[in-house]
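Residue numbering for the sequence shown is 1 to 345, as defined by UniProt numbering.
For glycine and all other residues, C-beta sits at the position ideal for the given N, C-alpha and C.
Bear in mind the structure is a predicted one, so any value in this text is a computation, not a measurement.
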Amino acid sequence: MSALVRKYLSLNNFGRSKFASVCIYKYATLSTIAQESPDATSSGVVPIFRRATQFGNRVAFQDNDGDYRYQGLLHSSHKFASEISYHLNGNTQERVAFLCPNNASYLIAQWACWISGQIAVPMNDKHPLPLMEHYVTNSQAKLVVTTRHYAKMIAKLCLKIGTKMLIMDDILQISSRRTDGENIDALDSFSIGLEPEFYETSEALIIYTSGTTGLPKGAVLSHRAIQEQVSSLVQAWGWTKHDGVLHVLPLHHIHGIVNVLTCPLAVGATCVMLPKFDAGQVWRHLLINARVNIFMAVPTIYMKLIEEYENNLKDREEEVRDICSNKIRSWGIFYIPSYLFKYEN
Numbered sequence: 001m002s003a004l005v006r007k008y009l010s011l012n013n014f015g016r017s018k019f020a021s022v023c024i025y026k027y028a029t030l031s032t033i034a035q036e037s038p039d040a041t042s043s044g045v046v047p048i049f050r051r052a053t054q055f056g057n058r059v060a061f062q063d064n065d066g067d068y069r070y071q072g073l074l075h076s077s078h079k080f081a082s083e084i085s086y087h088l089n090g091n092t093q094e095r096v097a098f099l100c101p102n103n104a105s106y107l108i109a110q111w112a113c114w115i116s117g118q119i120a121v122p123m124n125d126k127h128p129l130p131l132m133e134h135y136v137t138n139s140q141a142k143l144v145v146t147t148r149h150y151a152k153m154i155a156k157l158c159l160k161i162g163t164k165m166l167i168m169d170d171i172l173q174i175s176s177r178r179t180d181g182e183n184i185d186a187l188d189s190f191s192i193g194l195e196p197e198f199y200e201t202s203e204a205l206i207i208y209t210s211g212t213t214g215l216p217k218g219a220v221l222s223h224r225a226i227q228e229q230v231s232s233l234v235q236a237w238g239w240t241k242h243d244g245v246l247h248v249l250p251l252h253h254i255h256g257i258v259n260v261l262t263c264p265l266a267v268g269a270t271c272v273m274l275p276k277f278d279a280g281q282v283w284r285h286l287l288i289n290a291r292v293n294i295f296m297a298v299p300t301i302y303m304k305l306i307e308e309y310e311n312n313l314k315d316r317e318e319e320v321r322d323i324c325s326n327k328i329r330s331w332g333i334f335y336i337p338s339y340l341f342k343y344e345n
């Protein structure tokens with residue numbers, strides 16, 4: 001008798017009903033993922049970069065420099081993963097801290113960490129150097145990855161604490177935008193990364209708390225945990241490959257990393273990323289960019305958007321209402337001031 005059956009038989013009628021509901025929900029979640037990303041349930045844990053092989057020339061990502069297709073990003077990440085492995089002497093499950101702008105370089109660094117079997121530790125450029133030092137030393141990072149944009153600052157940090165530094169070559173980001181096929185090898189889902197069994201039990205990410213009650217503390221997420229969260233969110237939001245999300249959130253917290261970046265890439269959708277939040281730019285994308293039909297943010301951002309609307313878009317009230325109500329699926333987290341609900345309709 002299986003453990004699930006024994007568990008079911010041990011419950012009373014109410015418990016059995018709740019247990020069955022959970023099982024049905026999980027089945028529906030996995031079914032949705034399987035339809036949008038067939039490999040996702042084929043062999044347990046399927047890391048996000050491995051799903052990219054299914055979506056080929058679909059546009060995965062858009063930043064201020066242009067469009068990036070799944071194959072191009074995967075190719076660049078695969079190449080950079082080799083550099084990371086070299087600097088870590090072929091070891092796996094080492095902590096790799098990285099600081100990249102909010103553009104495709106972030107995604108390349110993240111995927112490269114996972115392809116090479118490392119644990120990614122994202123940092124934020126708004127943090128002072130002592131806080132970045134805490135991230136690197138507390139996580140025991142063996143390598144810090146960055147781009148030319150932050151090279152001088154990170155070099156100073158690495159010199160102080162004696163940690164290796166690796167600068168991502170600009171050509172990796174440039175080549176990942178090419179669509180002529182010359183930079184894209186015939187990669188399949190099992191020719192990149194490590195053995196499938198590795199990702200079943202390995203860690204993927206360390207995210208640090210905000211540090212409101214002391215120094216920030218690291219929370220470790222496994223590839224399995226990320227996949228479970230993505231599965232739940234894809235089900236709840238009804239994500240499909242035809243969606244496009246506008247990303248304006250920081251990339252060192254779970255909301256920006258998993259909810260807004262990983263979810264669309266798990267199903268072949270598109271992530272449109274701005275370098276930072278700008279209310280005017282957000283409104284332009286929401287109203288004009290045909291790719292964008294999903295937007296996620298926090299109350300502070302919604303307050304800024306309402307302020308921008310009141311100052312510059314009030315005369316387009318009907319147009320804004322029609323576009324947002326018919327096109328945009330939106331969501332926010334944390335406490336929302338009651339006076340903002342006047343904009344609900």
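What did DSSP end up calling residue i once you bin it into helix, strand or coil?
{"i": "Ala266", "result": "helix"}
{"i": "Pro38", "result": "Confidence at Pro38 is low in this model, with a pLDDT of 47, below 50, so its placement is unreliable and no value can be given for it."}
{"i": "Lys164", "result": "strand"}
{"i": "Phe80", "result": "helix"}
{"i": "Glu203", "result": "strand"}
{"i": "Gly238", "result": "coil"}
{"i": "Ser232", "result": "helix"}
{"i": "Pro101", "result": "coil"}
{"i": "Leu129", "result": "helix"}
{"i": "Gly280", "result": "helix"}
{"i": "Asn312", "result": "helix"}
{"i": "Phe55", "result": "coil"}
{"i": "Gly72", "result": "helix"}
{"i": "Gly256", "result": "helix"}
{"i": "Leu157", "result": "helix"}
{"i": "Asp169", "result": "coil"}
{"i": "Glu195", "result": "coil"}
{"i": "Ser176", "result": "coil"}
{"i": "residue 348", "result": "Given that the chain is displayed from residue 1 to residue 345, the structure contains no residue 348 and the question cannot be resolved."}
{"i": "Thr137", "result": "helix"}
{"i": "Arg291", "result": "coil"}
Below 8 Å between beta carbons: does that hold for residue i and residue j?
{"i": "Gln62", "j": "Arg224", "result": "no"}
{"i": "Gly280", "j": "Glu308", "result": "yes"}
{"i": "His247", "j": "Asn124", "result": "no"}
{"i": "Thr163", "j": "Val144", "result": "yes"}
{"i": "Leu73", "j": "Lys142", "result": "no"}
{"i": "Ile328", "j": "Leu286", "result": "yes"}
{"i": "Gly90", "j": "Phe198", "result": "no"}
{"i": "Leu157", "j": "Leu194", "result": "no"}
{"i": "Ser330", "j": "Phe295", "result": "yes"}
{"i": "Lys276", "j": "Asn102", "result": "yes"}
{"i": "Thr147", "j": "Met168", "result": "yes"}
{"i": "Leu166", "j": "Ile84", "result": "yes"}
{"i": "Phe55", "j": "Tyr68", "result": "no"}
{"i": "Ile288", "j": "Pro122", "result": "no"}
{"i": "Ala236", "j": "Ser176", "result": "no"}
{"i": "Pro216", "j": "Ser222", "result": "no"}
Report the residue from the options whose alpha carbon sits nearest the alpha carbon of residue i.
{"i": "Ala109", "options": "Leu274, Phe80 and Leu246", "result": "Phe80"}
{"i": "Ala60", "options": "Glu310, Tyr135, Asn312 and Asp243", "result": "Asp243"}
{"i": "Arg51", "options": "Gln227, Ala204 and Lys152", "result": "Gln227"}
{"i": "Ile254", "options": "Ser139, Leu205, Leu166 and His127", "result": "Leu205"}
{"i": "Gly214", "options": "Leu265, Thr300 and His134", "result": "His134"}
{"i": "Thr212", "options": "Ser139, Leu131 and Val234", "result": "Leu131"}
{"i": "Asp170", "options": "Ala151, Gln93 and Gly218", "result": "Ala151"}
{"i": "Leu265", "options": "Ala219, Leu221, Trp239 and Asp322", "result": "Trp239"}
{"i": "Val230", "options": "Ile294, Asn311, Leu166 and Asn259", "result": "Asn259"}
{"i": "Trp114", "options": "Gln140, Ala97, Ser232 and Asn312", "result": "Ala97"}
{"i": "Ile301", "options": "Ile207, Phe198, Pro250 and Thr262", "result": "Pro250"}
{"i": "Gln173", "options": "Thr270, Ser77 and Ile48", "result": "Ser77"}
{"i": "Lys241", "options": "Leu313, Gly256 and Cys271", "result": "Cys271"}
{"i": "Gly44", "options": "Trp283, Pro196, His127 and Arg321", "result": "Pro196"}
{"i": "Gly218", "options": "Val245, Ser139, Tyr68 and Ser232", "result": "Ser139"}
{"i": "Ser202", "options": "Thr92, Cys263 and Ser105", "result": "Thr92"}
{"i": "Ala112", "options": "Phe49, Leu99, Arg284 and Ile161", "result": "Phe49"}
{"i": "Pro47", "options": "Ile154, Arg316, Asp315 and Ile119", "result": "Ile119"}
{"i": "residue 346", "options": "His127, Leu313 and Asn57", "result": "No answer is possible for residue 346: it lies beyond the span of the chain, which begins at 1 and ends at 345."}
{"i": "Val220", "options": "Leu107, Val245, Ile192 and Glu94", "result": "Glu94"}
{"i": "Asn293", "options": "Arg58, His75, Asp65 and Val245", "result": "Val245"}
Could you pull the DSSP bridge partners for residue i from this structure?
{"i": "Gln62", "result": "Asp67 and Val272"}
{"i": "Leu143", "result": "Val96 and Lys164"}
{"i": "Ala219", "result": "Ile207"}
{"i": "His247", "result": "Met273"}
{"i": "Val45", "result": "Val45 pairs with nothing; no bridge assigned."}
{"i": "Ala120", "result": "Val96 and Leu205"}
Can you find a heavy atom of the ligand ADP that lies under 7 Å from the Cβ of residue i?
{"i": "Glu203", "result": "Ligands are entirely absent from the displayed structure, and the ligand ADP is therefore not among its contents."}
Our contact map puts residue i next to residue j with C-beta atoms below 8 Å; I'd like the distance itself, whole angstroms only.
{"i": "Cys263", "j": "Val298", "result": "Their Cβ separation, rounded to whole angstroms, is 17 Å, which puts Cys263 and Val298 out of contact at 8 Å."}
{"i": "Leu99", "j": "Ile154", "result": "6 Å"}
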